[in-house]
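Enquirer: Going by numbering that gives the first Met the number 0, the sequence shown opens with residue 0, and the numbers climb by one from there.
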Amino acid sequence: MIFITLEHISAHVSFSLTFVVTLIYWGSLVYKSEELSNSGGKGMIVTCICITGVLVTRSLYSGHLPLSNLYESFMFLSWTSSMIHIVIEVRGQDAWWLGAITAPSAMLTHGFATLGLPDKMQQSAMLVPALQSHWLMMHVSMILLSYGTLLCGSLSSIAFLVITSQINQKIFINVKNSFFFNKNGNSHDQEKKELKHTFCLSFINYRKWLFTNQLDQLSYRAIGLGFSLLTIGILSGAVWANEAWGSYWSWDPKETWALITWIIFAIYLHTRINRGWKGEKPAIVASLGFILVWTCYLGVDLLGIGLHSYGWLI
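(1) Counting Cβ pairs, one atom from each stretch, are 3 or more of them under 8 Å apart for the segment 208–226 and the segment 252–272?
(2) Can you grab the Cα-Cα spacing for the pair residue 155 / residue 280, in whole Å?
(3) Rounded to whole angstroms, how far is the Cβ of residue 80 from the Cβ of residue 113, which I believe are closer than 8 Å?
(4) Pull up the distance between the alpha-carbon of residue 298 and that of residue 84, whole angstroms please.
(5) Classify residue 215: buried if its beta carbon has 16 or more other beta carbons within 10 angstroms, exposed otherwise.
(6) Helix, strand or coil for residue 109 per DSSP?
(7) Less than 6 Å between C-beta atoms, sequence neighbours within five positions excluded: which residues of the same chain meet that for residue 190?
(8) By alpha-carbon positions, which one of 98, 252, 137, 267 ends up nearest to residue 22?
(9) Closer than 7 Å by C-beta to residue 146: which residues in its own chain qualify, once you throw out the five before and the five after it? Chain order, please.
(10) Taking the alpha carbon of residue 69 as the reference point, which residue from 117, 259, 3 has its own alpha carbon closest?
(11) In the structure shown, what three-state DSSP assignment does residue 146 receive?
(12) Return the chain-ordered ranges of every alpha helix (DSSP H) run that is complete within the segment 54–98 and spans a minimum of 4 residues.
(13) Let me know the secondary structure DSSP gives residue 224 once reduced to three states.
(14) Give the DSSP-derived three-state secondary structure of residue 141 in the structure shown.
(15) Take residue 261 and list the residues in its own chain whose beta-carbon comes closer than 8 Å to its own, dropping the five residues that flank it on each side.
(16) Alpha carbon to alpha carbon, how far is residue 153 from residue 218?
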């Protein structure tokens, strides 16, 4: 009973922290402050500790790894988002904006697990015979770690596309206005004002270009890591399926969508490594991968389709 109480306390505290940390990092996007960034970083560390407490206490009283249902997998996904943030910060990279991606991801997945799922789906239960295997930790943990990492990389690509579209729009408007004023004949003072305004815009756009370059690099590295984890997860799942069901691959809906997701991110990495693509084109592919990850992870589960579903909607 005490473990269940500790789990509930840790879950509520960690969700409150993710909400506060999200507000802090969103505020740092508007008003860049080192104090805000440091507070957000410390908040993410405490959040990760609290979510770890949720997973540990649940494993203690359930007697198995907390990876057996949708609630536990979402909590693990939230933990993954916080861990990604901490690892990147520990490496000393200048990514003060990273929390604006990882903190909301941790908050939304945590909130869906604790507030969106029915109470029955949040309760721990005995593992079914198919899940009573040493492959549970290997397969499920690799898959969930890959989902968290791929989602982080895909969100970075989406942010990249949004910011670059704004930069291109501002440049287009600035060039258009300059052409209009020059055509109508400006005075010398007016031209100086326009030149100063153009310089300010160029400086702002240069800072945004550096920001988008960081987003592009983060997306590439996160997707590269996530793709490797997804590959390990699919291979270990195939071995486990052969032990449990007598077949390495049965074209179950979950397996099919996992393969489609793997192919999309393989295309992304192929275009980056072999074709040398950077910027918008691979970012569009990664954005498509964001939809596919959620379809594979959540869509199949909630519809209750196939052998890998938790069932909810039907």
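Idealized CB from N, CA, C, for every residue including glycine. Computed from a predicted structure; not experimentally measured.
Expert: Answer, in terms of the structure:
(1) yes
(2) 14 Å
(3) Between residue 113 and residue 80 the Cβ distance is about 15 Å, and since that is not below 8 Å, they are no contact.
(4) Going by the C-alpha atoms only, they are around 26 Å apart.
(5) buried
(6) helix
(7) Residue confidence is low: residue 190 scores 46 on pLDDT, short of 50, so the model does not pin down where it sits. Its coordinate-derived value is still stated next. The same chain holds no residue with a CB closer than 6 Å to that of residue 190 once the five nearest residues on each side in sequence are set aside.
(8) 98
(9) 76, 292, 296
(10) For the set 117, 259, 3, the Cα lying nearest the Cα of residue 69 is the one of 117.
(11) Look at residue 146 here: in three-state DSSP terms it is helix.
(12) 69–89
(13) Residue 224 sits in a helix when the DSSP states are folded into three classes.
(14) For residue 141, the three-state secondary structure derived from DSSP is helix.
(15) The beta carbon of residue 261 lies closer than 8 Å to those of 226, 229, 230, 233 in the same chain, with the five residues before and after it left out.
(16) 6 Å
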